[in-house]
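First residue of the sequence shown? That's 495 in my numbering, and the numbers climb one at a time after it. Presented below is the structure to which this report refers.
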Amino acid sequence: MACSNSVLAALTNKALSTSTPSSSSANAAAAASNSASNASSTTVSAGRGSNRVIKGFIKNDPRLTIKANRAGTRGFRAPETLMRVTHQTCAIDVWAAGVILLCFLTNTYPFFLSNDEANALIESSQVYGLDKMQECARINNRHFETNIQIPKTKLPWTGLIEALNKEKMQTWSQKDYDDAVMLLRRTMELDPNKRITAEEALKMDFLQVD
Numbered sequence: 495m496a497c498s499n500s501v502l503a504a505l506t507n508k509a510l511s512t513s514t515p516s517s518s519s520a521n522a523a524a525a526a527s528n529s530a531s532n533a534s535s536t537t538v539s540a541g542r543g544s545n546r547v548i549k550g551f552i553k554n555d556p557r558l559t560i561k562a563n564r565a566g567t568r569g570f571r572a573p574e575t576l577m578r579v580t581h582q583t584c585a586i587d588v589w590a591a592g593v594i595l596l597c598f599l600t601n602t603y604p605f606f607l608s609n610d611e612a613n614a615l616i617e618s619s620q621v622y623g624l625d626k627m628q629e630c631a632r633i634n635n636r637h638f639e640t641n642i643q644i645p646k647t648k649l650p651w652t653g654l655i656e657a658l659n660k661e662k663m664q665t666w667s668q669k670d671y672d673d674a675v676m677l678l679r680r681t682m683e684l685d686p687n688k689r690i691t692a693e694e695a696l697k698m699d700f701l702q703v704d
């Protein structure tokens with residue numbers, strides 16, 4: 495099972511190069527992932543002045559500090575936890591289960607590995623794209639902005655799995671694979687209000703026993 499801090503750079507470069515006609519976009523995405531350690535370039539703001547975009551590292555940041563539950567294992571925290579949303583539900587646990595499934599499907603552990611929330615958001619952005627991450631921030635009454643170049647659109651789950659685990663996925667039955675990807679999509683929905691519940695997940699085809 496793969497274990498590398500640069501795994502997102504590799505899979506982003508490979509997946510984009512096969513799904514988009516522009517090689518420059520793939521190169522930009524790979525470079526952005528390599529720059530993800532520069533957490534000072536990412537801004538998530540809320541509350542007063544949440545519409546004010548501030549880029550780069552800020553000494554003596556005047557914005558209000560957001561205090562929220564930050565429980566969870568690094569790499570398995572849901573986006574609402576990373577954005578310090580004060581009202582969190584059991585949906586954060588469903589997200590963590592989805593990350594575990596993603597690790598199995600991609601044969602990559604850990605899939606997400608960041609030292610802080612800013613880097614974790616950049617990692618997620620490499621998969622979900624800037625547009626969806628900004629929409630996720632709006633849903634959670636937050637504002638997400640970064641001066642790191644990342645893809646605007648989401649990478650397909652099937653593209654990530656094929657890029658990282660093509661040899662093994664070819665041995666799976668098509669139905670099991672399709673069912674697993676569907677469960678992955680539902681558990682790793684950015685919007686916690688649309689994310690599948692544990693009760694609903696247990697009724698999905700992938701978790702049924704013949």
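We put the CB at the ideal spot given by N, CA and C, even for glycine.
Residue from ALA612, MET663 and LEU684 whose Cα sits closest to the Cα of CYS597: Numbered from 1 along the sequence shown, position 103 holds the residue referred to as residue 597. That would be MET663, whose Cα lies nearest to the Cα of CYS597.
Contact check, HIS655 vs THR600, beta carbons under 8 Å: On the sequence shown, residue 655 is found 161 positions in, with the first residue counted as 1. On the sequence shown, residue 600 is found 106 positions in, with the first residue counted as 1. Correcting the residue identity first, residue 655 is Ile in this sequence and not His. Contact flag set, yes.
Alpha-carbon to alpha-carbon, SER608 and ASP673: Here residue 673 refers to the residue found at position 179 when the sequence shown is read from its first residue. Here residue 608 refers to the residue found at position 114 when the sequence shown is read from its first residue. Their Cα atoms are separated by approximately 29 Å.
Spatial neighbours of MET577 in its chain, beta-carbon cut-off 7 Å, leaving aside the 5 residues before and after: Here residue 577 refers to the residue found at position 83 of the sequence shown. Cβ neighbours of MET577 beyond the five flanking positions: VAL538, ALA631, ASN634 and ARG636.
Cutoff 7 Å; reference ALA509; Cβ partners in own chain excluding five residues on either side: Counted from its first residue, the sequence shown places residue 509 at position 15. A caution first: ALA509 carries a pLDDT of 43, below 50, which makes its placement in the model unreliable, though a value can still be read off. Only LEU649, GLY653, LEU654 and ALA657 meet the Cβ criterion.
Endpoints, beta strand (DSSP E) assigned at PHE606: For the purposes of this step, residue 606 is taken as the residue at position 112 of the sequence shown. It is not in any beta strand (DSSP E) - PHE606 carries neither H nor E in the DSSP assignment.
Completely contained alpha helix (DSSP H) runs for the stretch 638-664, where each covers 4 or more residues: List check, alpha helix (DSSP H) in window: 651-663.
Distance between THR681 and TRP589 (C-alpha atoms, nearest Å): As a working mapping, residue 589 is identified with position 95 in the sequence shown. As a working mapping, residue 681 is identified with position 187 in the sequence shown. When only Cα atoms are considered, TRP589 and THR681 end up about 5 Å apart.
Backbone secondary structure at ALA585 - three-state DSSP: Along the sequence shown, one-based indexing puts residue 585 at 91. The three-state secondary structure of ALA585, taken from DSSP, is helix.
Spatial distance of GLU693 from LEU615 (CA atoms): Indexing the sequence shown from 1 puts residue 693 at position 199. Indexing the sequence shown from 1 puts residue 615 at position 121. One Cα belongs to GLU693, the other to LEU615, and the distance between them is close to 28 Å.
Where the alpha helix (DSSP H) through ALA631 begins and ends: Here residue 631 refers to the residue found at position 137 of the sequence shown. Here the alpha helix (DSSP H) through ALA631 covers 611-633.
Residue nearest to GLU617 in terms of C-alpha spacing, selected from TYR671, ILE644 and VAL703: Looking up residue 617 in the sequence shown gives position 123. Of the listed residues, the one whose Cα sits closest to GLU617 is ILE644.
Enclosing alpha helix (DSSP H) for LYS697 [first to last residue]: The residue given as residue 697 occupies position 203 in the sequence shown. The continuous stretches of alpha helix (DSSP H) do not include LYS697, and DSSP gives it neither H nor E.
With 16 other Cβ atoms within 10 Å as the buried cut-off, status of ILE586: As a working mapping, residue 586 is identified with position 92 in the sequence shown. With 16 or more other CB atoms across the displayed protein chains lying within 10 angstroms of its CB, ILE586 is buried.
Heavy atom of the ligand COA within 7 Å of THR600 beta-carbon: Judged by which ligands are present, the structure shown has none, so any question about the ligand COA falls away.
Beta-carbon contacts of ASP699 that lie in its chain and below 7 Å, excluding the five residues immediately before and after: Indexing the sequence shown from 1 puts residue 699 at position 205. Shown here for ASP699: same chain residues with a beta carbon closer than 7 Å to its own, the five before and five after excluded, namely ASP673 in chain order.
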